[in-house]
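Numbering (the working numbering), first residue to last: -3 to 447. See structure below.
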Ligand code: SF4
């Protein structure tokens, strides 16, 4: 939020500032809270000075996110004075109040009703008729208009030892399939060209409700990932799956990708490749079969892109286990990879594991890992030179347009630079021929608009 702005002067005591931190899942929570505030007639303003009160939606995943959240709360208190805190860090009520005793209220993740109750307590609902309000049918979105995150569930049934999300967000809680599909349809009707399906564990969608049958478009539909993807695949937009674990049910999605119904893209956070380290991490899925599965998937759908994240320097990781991880990386030839060196998260059970890895060793392993992956990524992107891809335009700036092919998710993967191309706008899809590449990005020239 900026310190000053020229916001509108609609109504008294209805102006709320909002700061959203953290991951796309938190962004979706922010969108829901903002939609409800707008529906009730509050005015959301972009500066601390204009706001009567500020809501900070926090992240508490890793230490740096906790620090950013606490710093932001401090800034909001200093600049505005009236602050409500919600989101993941809100699960640690005591910690927040110890550092910032003056916050008005604290709620945990996805506590939409409680946040609104606290808002009402300090700033009564404006006199407002929701039937004449200008809240768009698809709600308030914080992502650019042409892509949107579609959250299909909250929480997680796993207990990975490095993660505190289940203790903050609870067990898996799948949204009814009718609600998810209706939201997707509203977004598509509002002009969204790409739906990014997110949750903590996308492949587990519906397990908690025993794949309960819901209704959408007058038809019964089971709350299961395959059915969800089949229906999303009929909406005529890009559908991209994030946070998928390699459970057997994922095999059934590959034909949908090969047929072009959903994007041939899987974001699978493998985290490691040594069976012993994965056991210490208590990760779901069976790594022994993973390489075989990847090969089978690629036979069915050769254009499949796999993105993943890994952790190096987990407690007890030996040099040999790290080499096992590098060997996996070389064999799996993943397309997009992120890597973190392990850092203890307050409250995670992995903190009790013996044999922490020395910081310098962790750093060395991280660099070695990234060098191996960079060589893979450079070679893979080079193979694309000369080929034509459909590019979804994200932005147009002084040098030309920047977009993404199906192989790249927004914000985390690479981009395609269409230098000197100005005859496009965000949300357009154009065919482009690739003329250059580096380790992460591509450069291309527009060939024609999408027919
Ligand atoms: S799968 Fe593991 S890392 Fe992911 S949210 Fe669940 S417990 Fe955390």
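Beta carbons: idealized from backbone N, C-alpha and C, even for Gly. Computed from a prediction, not measured in an experiment: that's the story for all the values here.
Sorry if obvious, but does the Cβ on residue i come closer than 7 Å to a heavy atom of the ligand SF4?
i: residue 236; result: no
i: residue 175; result: no
i: residue 152; result: yes
i: residue 335; result: no
i: residue 20; result: no
i: residue 161; result: yes
i: residue 156; result: yes
i: residue 197; result: yes
Contact defined as beta carbons within less than 8 Å: I believe residue i pairs with residue j. What is the distance between those atoms, to the nearest angstrom?
i: residue 191; j: residue 252; result: With 8 Å as the limit, residue 191 and residue 252 do not qualify as a contact, their Cβ atoms being about 14 Å apart.
i: residue 199; j: residue 168; result: With a Cβ gap of about 11 Å, residue 199 and residue 168 do not count as contacting.
i: residue 397; j: residue 331; result: At roughly 23 Å, the Cβ-Cβ gap does not stay under 8 Å, so residue 397 and residue 331 are not in contact.
i: residue 31; j: residue 53; result: The Cβ separation is near 13 Å, so there is no contact.
i: residue 162; j: residue 155; result: 6 Å
i: residue 96; j: residue 69; result: 5 Å
i: residue 310; j: residue 264; result: Wrong, their Cβ atoms sit about 18 Å apart, outside the cutoff.
i: residue 85; j: residue 65; result: 5 Å
i: residue 425; j: residue 189; result: 7 Å
i: residue 210; j: residue 174; result: 4 Å
i: residue 381; j: residue 307; result: Wrong, their Cβ atoms sit about 33 Å apart, outside the cutoff.
By alpha-carbon positions, which one of the options ends up nearest to residue i?
i: residue 350; options: 277, 306 and 406; result: 277
i: residue 447; options: 438, 431 and 427; result: 427
i: residue 244; options: 234, 48, 168 and 289; result: 289
i: residue 207; options: 218, 299 and 405; result: 218
i: residue 300; options: 291, 306, 307 and 308; result: 291
i: residue 166; options: 139, 176, 184 and 196; result: 196
i: residue 297; options: 262, 319 and 268; result: 262
i: residue 119; options: 249, 86, 145 and 78; result: 78
i: residue 410; options: 388, 430 and 437; result: 437
i: residue 143; options: 73, 71 and 391; result: 391
i: residue 179; options: 344, 145 and 377; result: 145
i: residue 248; options: 378, 226 and 369; result: 226
Classify residue i as buried or exposed, calling it buried when 16 or more other Cβ atoms lie within 10 Å of its own Cβ.
i: residue 187; result: exposed
i: residue 260; result: buried
i: residue 205; result: buried
i: residue 49; result: buried
i: residue 223; result: buried
i: residue 415; result: exposed
i: residue 316; result: exposed
i: residue 407; result: exposed
i: residue 373; result: buried
Going by the DSSP bridge assignment, what does residue i pair with across the sheet?
i: residue 428; result: 385 and 442
i: residue 333; result: 304
i: residue 397; result: 392 and 414
i: residue 32; result: For residue 32, which the question treats as bridged, DSSP gives no partner whatsoever.
i: residue 52; result: 15 and 81
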